[in-house]
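Undergrad: Chains as they are written, first to last, in this note's numbering: chain A, 16 to 268; chain B, 292 to 761. A virtual CB, placed ideally from N, CA and C, is assigned to each residue, including glycine.
1. Identify the continuous beta strand (DSSP E) that holds residue 627(B) and give its terminal residues.
2. Is the distance from the Cβ of residue 607(B) to the Cβ of residue 598(B) below 9 Å?
3. Do you know whose CA, among 552(B), 666(B) and 538(B), lies nearest residue 513(B)'s CA?
4. So with CB distances below 8 Å, who are the chain A contacts of residue 720(B)?
5. Quick one: what does DSSP say residue 464(B) is sitting in, helix, strand or coil?
6. What residues in the stretch 127-155 of chain A bring their beta carbon closer than 7 Å to a beta carbon of chain B?
7. Rank 708(B), 549(B) and 339(B) by C-alpha distance to the C-alpha of residue 447(B) and give the top, closest one.
8. So, does the CB of residue 670(B) fall closer than 9 Å to a CB anywhere in chain A?
9. For the beta strand (DSSP E) that residue 100(A) lies in, which residues bound it at each end?
10. Any beta carbon from chain A within less than 9 Å of residue 710(B)'s own beta carbon?
11. What separation, rounded to the nearest whole angstrom, lies between the Cα atoms of residue 96(A) and residue 21(A)?
12. Within 10 angstroms of its Cβ, does residue 543(B) collect 16 or more other Cβ (buried), or is it exposed?
13. Give the straight-line distance between the Cα atoms of residue 645(B) and residue 676(B), rounded to the nearest whole angstrom.
14. With residue 109(A) as the anchor, note down where its beta strand (DSSP E) starts and where it stops.
15. Quick check: what's the CA-CA separation for residue 440(B) versus residue 601(B)?
16. Less than 9 Å between CB atoms is the rule here; does residue 109(A) satisfy it with respect to chain B?
17. Ignore the nearest five residues each way along the sequence and tell me which others in residue 222(A)'s own chain have a CB closer than 6 Å to its CB.
18. What are the residues of the stretch 719-748 of chain B that lie near chain A, defined by any Cβ-Cβ distance shorter than 8 Å?
19. Sort 625(B), 596(B) and 643(B) by Cα distance to residue 619(B) and report the nearest one.
20. Go through its chain and collect everything with a Cβ distance to residue 210(A)'s Cβ below 7 Å, but skip five positions before and after it.
21. Check whether the Cβ of residue 33(A) lies closer than 9 Å to any Cβ atom in chain B.
22. List the whole-angstrom C-beta distance separating residue 662(B) from residue 696(B), where the pair is believed to meet the contact cut-off of C-beta under 8 Å.
23. With distances taken from CA atoms, which of 479(B), 471(B), 518(B) and 467(B) is nearest residue 486(B)?
24. Any idea what DSSP makes of residue 164(A), helix, strand or coil?
25. Which chain A residues are close to residue 483(B), counting only those with a beta carbon under 7 Å from its beta carbon?
26. Against chain B, which members of the stretch 49-81 of chain A pass a CB distance test of less than 9 Å?
27. State buried or exposed for residue 361(B), treating a residue as buried only when at least 16 other CB atoms are found within 10 Å of its CB.
28. Thinking just about the alpha-carbon of each residue, which of 659(B), 537(B), 557(B) and 605(B) is nearest to the one in residue 635(B)?
29. Is any beta-carbon of chain B found at less than 9 Å from that of residue 125(A)?
30. Output, in chain order, the set of chain B residues within a Cβ distance shorter than 8 Å of residue 94(A).
31. So, residue 64(A) versus residue 233(A), is the Cβ gap smaller than 9 Å?
32. Report yes or no: is there a C-beta of chain B within less than 9 Å of the C-beta of residue 99(A)?
33. Please report the straight-line C-alpha distance between residue 464(B) and residue 68(A), rounded to a whole angstrom.
34. At which residues does the alpha helix (DSSP H) containing residue 262(A) begin and terminate?
35. Against chain A, does residue 705(B) count as a neighbour if the rule is that its beta carbon must be under 9 Å from one of theirs?
36. Apply the 10 Å Cβ neighbour rule to residue 653(B) and answer buried if 16 or more other Cβ atoms are within range, or exposed otherwise.
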């Protein structure tokens, strides 16, 4: 039951099918990675799970601890414990990070209950220190004028504060230099544990040197075509994707 | 979601829609004639010069055409014959909190004015309908020689100061609605701050309309003598009624040499109110006048706070936020008249249009040819929530001569579906996400409001955005 389960998922944007029968289980306590070429549908999968309105699910299901989330609004899914670290986090002018995260936490409380401000800031500062985020960060507007590294650190900070039960990290390594990559990875690793399942979507093996996955899946044309352990990532880095696709093609034929 | 955001906007305006039965001790009846004006003058015990001033205003009101050649035709829907021009609970403004009628207290309660703030009302004049229901000058302010009374009391008790400035900044014939106000004004504040006195606490006035077909015509005059400083705050919310309500105030400010006046308004009229207000200040040498203005609600608001910079080195500023909900029109802006060398003006305007709401910015900046060293900065930013929302900008900047500098920037933006998705992914409902984004848009201006107002303002925006998304 404690699994984020994607069952034979089909989805399209307009008339164009993007996901064509994708199945994947991410149990709590594990970190899975999805790799694949550009255009394989990796980021689309992340958005569909989160409930992006541009996509239509045409078949299959996504179950969070056994409960189907497909009919739910994006915010309901989020409050249920699903977190998406965006590849391109949006700017929200005039809304400070502190207020944004506070509003997100407040949204999780029952009506009439107020978030305790002192506790909140204590926790926020502790998480910021752990992520090596400077204190003045909190008074800046969400993602406005941030460098690529700052945006990703801000995503991980939000994840640390919201404590999701499942997190999807979409190309979290994109736009990061090696130092930022190390900090962000350390942040993600610090959050690993028995109470969270993670799905790391990446284009490059590099990220998986720092966030070592329990399982690696190869995605192509809207499906998972191959799965393996962490060594699969190294092999893909060395040999490319062609061999997987050929193998899968042969199996399908 | 994005498509729903575009179409399903039903503003929940039930919040703040409430009224209590209040017995009106005086009532001028419906419609406006010379007899109505005599009635008002009799009831209020006006001196002869005020009665004459009212009658002159009445004549000008009849003469002046509706400004529909440049403004919205919606003005033609005001039926002057159906309006009550004078109502009062009693002749004397109330003096202490204990004397305030329970209905009024209940109204404050419903408005969510915090307990602390209600205590702060000890230094506050709160107007209820056309007479001040509650007025208590804070001891400290009185000790400094500051006069803070209702306009009726002001003109009777302090004629030597009142008469000198009254109707001088905004002559009764300035426009049709200033003429109307001159004819039937009642309520509003009169403030005089003696030379060099810096009033520490903002002077506040709360008021609300609470009668059907009742026009509220308050008249405020504030004079800051040389080197004096004062901040005045007014805030209004009104219950909703079936028929249109007219509110037409006149506010005059005089800042003598080196004086500073800040005038803060947070206004949330119900969506059937015509709010047609004339506000202007004269800033003498090195004086500063700043209008901080927030307009939420009303059917139509027309308000262009102005500053005439009469003395060298004078400064004028208008900071305004306008939020137009479904079916509402906020037609707001600023007037900056440079009339001396080295004068500086600054206009920052932000508007938000929801649903079929419409926001119009009208700015006038005038720098005549013979002046030197004048500067104006104008920024107006509009945020549209829906594709059928509307915003217009009509800047009229006349700058003649050399050595004067003008800057004008305008922008129109929308909250994108991707921004909303991002915020929803963090657990905020679509409405909460919208609200947060809108609050973010005006955040830098909200910070310029006094603390208690910025909190109230945020709450008003939240209420307005609540249920605005289907």
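TA: Looking at the atomic coordinates:
1. For the purposes of this step, residue 627(B) is taken as the residue at position 336 of the second chain. Element bounds for residue 627(B): 620-629.
2. As a first step, residue 607(B) is located in the second chain; it is residue number 316 there, counting from the start. As a first step, residue 598(B) is located in the second chain; it is residue number 307 there, counting from the start. Result yes, Cβ atoms of residue 607(B) and residue 598(B) sit closer than 9 Å.
3. Counting from 1 along the second chain, the entry for residue 513(B) is found at position 222. Answer by Cα proximity: 552(B).
4. For the purposes of this step, residue 720(B) is taken as residue 429 along the second chain, with counting starting at 1. Those within 8 Å of residue 720(B) in chain A are 88, 90 and 122.
5. As a position in the second chain, residue 464(B) is number 173, starting the count at 1. Correct three-state label for residue 464(B): helix.
6. none
7. In the second chain, residue 447(B) corresponds to position 156, counting from 1. Here the closest residue by C-alpha is 339(B).
8. Here residue 670(B) corresponds to residue number 379 of the second chain, with the count starting at 1. In terms of beta-carbon proximity, residue 670(B) stays away from the interface with chain A, with every pair separated by 9 Å or more.
9. Counting from 1 along the first chain, the entry for residue 100(A) is found at position 85. From DSSP, the beta strand (DSSP E) with residue 100(A) extends over 97-100.
10. To locate residue 710(B), count along the second chain from 1; it is residue 419. Interface criterion met: the Cβ of residue 710(B) is under 9 Å from a Cβ in chain A.
11. Taking the first residue of the first chain as position 1, residue 96(A) is located at position 81. Taking the first residue of the first chain as position 1, residue 21(A) is located at position 6. Going from the Cα of residue 96(A) to the Cα of residue 21(A) covers about 16 Å.
12. Reading the second chain from its first residue, position 252 is the one you call residue 543(B). Result: buried.
13. Residue numbering aside, residue 645(B) sits at position 354 when the second chain is read from its first letter. Residue numbering aside, residue 676(B) sits at position 385 when the second chain is read from its first letter. Going by the C-alpha atoms only, they are around 5 Å apart.
14. Counted from its first residue, the first chain places residue 109(A) at position 94. Here the beta strand (DSSP E) through residue 109(A) covers 107-111.
15. As a position in the second chain, residue 440(B) is number 149, starting the count at 1. As a position in the second chain, residue 601(B) is number 310, starting the count at 1. Distance between the alpha carbons of residue 440(B) and residue 601(B): 27 Å.
16. For the purposes of this step, residue 109(A) is taken as the residue at position 94 of the first chain. At least one chain B Cβ lies under 9 Å of residue 109(A).
17. The residue labelled residue 222(A) in the question sits at position 207 within the first chain. 188.
18. Using a CB distance below 8 Å, the part of the stretch 719-748 of chain B facing chain A consists of 719, 720, 721, 723, 724, 727, 728, 730, 731, 732, 733, 734 and 735, ordered along the chain.
19. As a first step, residue 619(B) must be located in the second chain, where it is residue number 328. Residue 643(B) is the option with its Cα nearest to residue 619(B).
20. As a working mapping, residue 210(A) is identified with position 195 in the first chain. Answer for residue 210(A): 43 and 180, listed in chain order.
21. As a first step, residue 33(A) must be located in the first chain, where it is residue number 18. By this cut-off, residue 33(A) is not an interface position.
22. Here the question's residue 662(B) lines up with position 371 in the second chain. Here the question's residue 696(B) lines up with position 405 in the second chain. Contact flag wrong, Cβ pair sits at about 12 Å.
23. In the second chain, the residue the question calls residue 486(B) occupies position 195. Comparing Cα positions, the closest option is 518(B).
24. Locating residue 164(A) in the first chain gives position 149, counting from the first residue. If DSSP states are grouped into helix, strand and coil, residue 164(A) belongs with the helices.
25. By one-based count along the second chain, residue 483(B) stands at place 192. The premise fails here: residue 483(B) is roughly 38 Å from chain A at the closest Cβ pair, so nothing lies under 7 Å.
26. 62, 65, 66, 67, 68 and 69
27. Residue 361(B) sits at position 70 when you count from the first residue of the second chain. Classification of residue 361(B): exposed, given that the 10 Å Cβ count is below 16.
28. Numbered from its first residue, the second chain carries residue 635(B) at position 344. Answer by Cα proximity: 605(B).
29. The count along the first chain starts at 1 and reaches residue 125(A) at position 110. No - not a single Cβ of chain B is within 9 Å of the one on residue 125(A).
30. Position 79 of the first chain, counting from 1, holds the residue named residue 94(A). Proximity of chain B to residue 94(A) at the Cβ level (cut-off 8 Å) is accounted for by 718, in chain order.
31. One-based indexing of the first chain puts residue 64(A) at position 49. One-based indexing of the first chain puts residue 233(A) at position 218. No, the Cβ-Cβ distance between residue 64(A) and residue 233(A) is not below 9 Å.
32. On the first chain, position 84 is the one that residue 99(A) refers to. Taking Cβ atoms only, chain B reaches closer than 9 Å to residue 99(A), which makes this a yes.
33. Numbered from its first residue, the second chain carries residue 464(B) at position 173. Numbered from its first residue, the first chain carries residue 68(A) at position 53. Going by the C-alpha atoms only, they are around 56 Å apart.
34. In the first chain, the residue the question calls residue 262(A) occupies position 247. Residue 262(A) -> alpha helix (DSSP H) spans 257-267.
35. Position 414 of the second chain, counted from the first residue, corresponds to residue 705(B). Not one chain A Cβ lies under 9 Å of residue 705(B).
36. Within the second chain, residue 653(B) is the residue found at index 362, counting from 1. Around the beta carbon of residue 653(B), a 10 Å sphere encloses 16 or more other beta carbons of the protein chains shown; the residue is thus reported as buried.
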